[in-house]
Amino acid sequence: MRDIRVAAVQFEPVPGDKAANLEKVAALAREAAARGAEISAFPECCLTGYWHLRRRSKEELEELAEPAFDGPCARALRSLAGDLRTTLGAGLVERGEDGALHNTYLVAMPDGQIRRHRKIHAFESDWIRPGDDFTVFDTPHGCRVGVLICYDCNLCENVRITALRGAEILLAPHQTGGCASPDPNIMGLVDRRLWENRHADPGAIEAELKGPKGRGWLLRWLPARAHDNGLFLVFSNGIGEDDGEV
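Numbered per my numbering, the sequence shown spans residues 2 to 247.
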């Protein structure tokens with residue numbers, strides 16, 4: 002595999018506003034392309050928003066969802082990837098061919114291809130169905146890419162299977178860190194006051210996000226997934242407030 006310049010792009014999505022989020026993705030994708038990125042990976046469910054999904058009815062989720070390959074978001078990503086001659090990955094709620102809902106990550110390539118990965122270990126809503134397959138594909142950039150979404154990466158077997166299928170680069174979109182959990186050994190809520198006061202005291206929120214509630218938690222396993230399987234892992238995460246969590 003030749004050297005490839007890849008961008009991990011992070012931003013704060015607007016819950017339920019696909020148009021606003023697509024506009025942000027387009028602006029950031031152009032900036033990344035201007036800096037030489039051939040692949041730009043955006044976060045999990047960044048086009049639809051994430052944690053608000055747990056509060057949505059089935060009807061609301063169905064209204065938000067769209068087809069993976071010919072929906073408005075897919076068409077916009079395909080057009081943008083072609084214009085910029087880059088590969089773009091972004092997440093949304095998919096309405097499958099059978100009507101089922103999925104937490105899906107789309108990867109649009111400059112040659113017009115679109116691939117999807119459905120989150121295998123999906124838990125965001127009782128109405129969102131888990132995926133049942135692994136996703137690895139060739140790209141026009143001369144590399145083979147795999148996708149695992151957030152908790153998919155927590156299980157070492159998932160990354161191993163992806164690597165055995167030939168992935169050289171693993172796109173790992175997340176929406177994590179600072180999450181409420183009954184387990185005292187993982188993450189934990191970030192104090193919102195630190196986030197709200199981030200401009201006056203950036204050191205406090207940086208320490209919180211780099212500690213065991215954020216980066217420290219992720220460093221327990223993500224580097225090992227890359228090391229043990231001999232692949233490059235591209236982590237992209239949402240930022241800011243999301244349904245009351247930071």
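Yeah, the Cβ is synthetic: ideal placement off N, Cα and C, and Gly gets one too.
Values in this document were obtained by computation on a predicted structure and should not be read as measured data.
In three-state terms, what does DSSP make of residue i?
{"i": "Ser41", "result": "strand"}
{"i": "Ile162", "result": "helix"}
{"i": "Ser237", "result": "strand"}
{"i": "Val26", "result": "helix"}
{"i": "Ile121", "result": "coil"}
{"i": "Leu232", "result": "coil"}
{"i": "Ile206", "result": "helix"}
{"i": "Leu62", "result": "helix"}
{"i": "Asp139", "result": "strand"}
{"i": "Pro16", "result": "coil"}
Since residue i contacts residue j with CB under 8 angstroms, what's their CB separation in whole angstroms?
{"i": "Val7", "j": "Ile40", "result": "5 angstroms"}
{"i": "Thr136", "j": "His122", "result": "In fact, because the Cβ distance is near 14 angstroms, the residues do not count as touching under 8 angstroms."}
{"i": "Ala181", "j": "Leu195", "result": "Contact flag wrong, Cβ pair sits at about 16 angstroms."}
{"i": "Gly97", "j": "Glu45", "result": "The pair is not a contact, with the Cβ atoms about 18 angstroms apart (cut-off 8 angstroms)."}
{"i": "Pro111", "j": "Thr87", "result": "6 angstroms"}
{"i": "Gly179", "j": "Leu190", "result": "6 angstroms"}
{"i": "Leu85", "j": "Ala30", "result": "6 angstroms"}
{"i": "Glu125", "j": "Arg56", "result": "Contact doesn't hold; Cβ gap of about 10 angstroms is too wide."}
Tell me which residues share the same chain as residue i and place their Cβ nearer than 8 angstroms to its Cβ, disregarding the 5 neighbours each side in the sequence.
{"i": "Arg166", "result": "Phe135, Val137, Gly147"}
{"i": "Ile240", "result": "Gln11, Phe12, Glu13"}
{"i": "Ala77", "result": "Leu23, Ala27"}
{"i": "Ala33", "result": "Ala8, Val10, Ser41, Thr87"}
{"i": "Glu242", "result": "Glu13, Arg193, Trp196"}
Between the Cα of residue i and those of the options, spot the shortest distance and give me the residue it belongs to.
{"i": "Leu172", "options": "Asp127, Arg221, Asn238, Gly189", "result": "Asn238"}
{"i": "Gln114", "options": "Asn104, Gly90, Leu195", "result": "Gly90"}
{"i": "Gly212", "options": "Met188, Trp222, Cys154", "result": "Met188"}
{"i": "Gly72", "options": "Arg3, Lys19, Arg57", "result": "Lys19"}
{"i": "Gly17", "options": "Ala27, Thr49, Ala30", "result": "Thr49"}
{"i": "Asn155", "options": "Leu219, Arg36, Ser126", "result": "Leu219"}
{"i": "Ala164", "options": "Ile150, Phe233, Gly132, Lys120", "result": "Phe233"}
{"i": "Ala225", "options": "Glu158, His175, Pro141", "result": "Glu158"}
{"i": "Val247", "options": "Leu223, Gln176, Arg55, Phe70", "result": "Gln176"}
{"i": "Lys25", "options": "Asp133, Ser58, Cys74", "result": "Cys74"}
{"i": "Cys151", "options": "Thr140, Ile162, Tyr51", "result": "Tyr51"}
{"i": "Pro131", "options": "Thr140, His142, Leu149", "result": "Leu149"}
{"i": "Glu64", "options": "Ala38, Gly100, Phe70", "result": "Gly100"}
For residue i, which residues in the same chain have their Cβ closer than 7 angstroms to its Cβ, ignoring the five residues on either side in sequence?
{"i": "Asp192", "result": "Glu209"}
{"i": "Arg79", "result": "Ala109, Gly113, Ile115"}
{"i": "Ala66", "result": "Val94, Glu95, Arg96, Leu102"}
{"i": "Gly217", "result": "Lys211"}
Once you ignore the five residues that flank residue i on each side, which residues in its own chain have a CB closer than 6 angstroms to its CB?
{"i": "Ile129", "result": "Leu102, Asn104, Ala123"}
{"i": "Ala42", "result": "Ala9, Gly90, Leu172, Val235, Ser237"}
{"i": "Met2", "result": "Cys144, Glu169"}
{"i": "His53", "result": "Pro16, Asp244"}
Measure from the C-beta of residue i to each C-beta in chain C and report whether the shortest distance is under 9 angstroms.
{"i": "Thr136", "result": "Looking for chain C here will not work: only one protein chain is present."}
Please confirm if the stretch 200 to 207 is in contact with the stretch 219 to 233, defined as three or more CB-CB distances below 8 angstroms between the two stretches. Inter-segment contact for the stretch 200 to 207 and the stretch 219 to 233 is absent: fewer than three beta-carbon pairs are separated by less than 8 angstroms.
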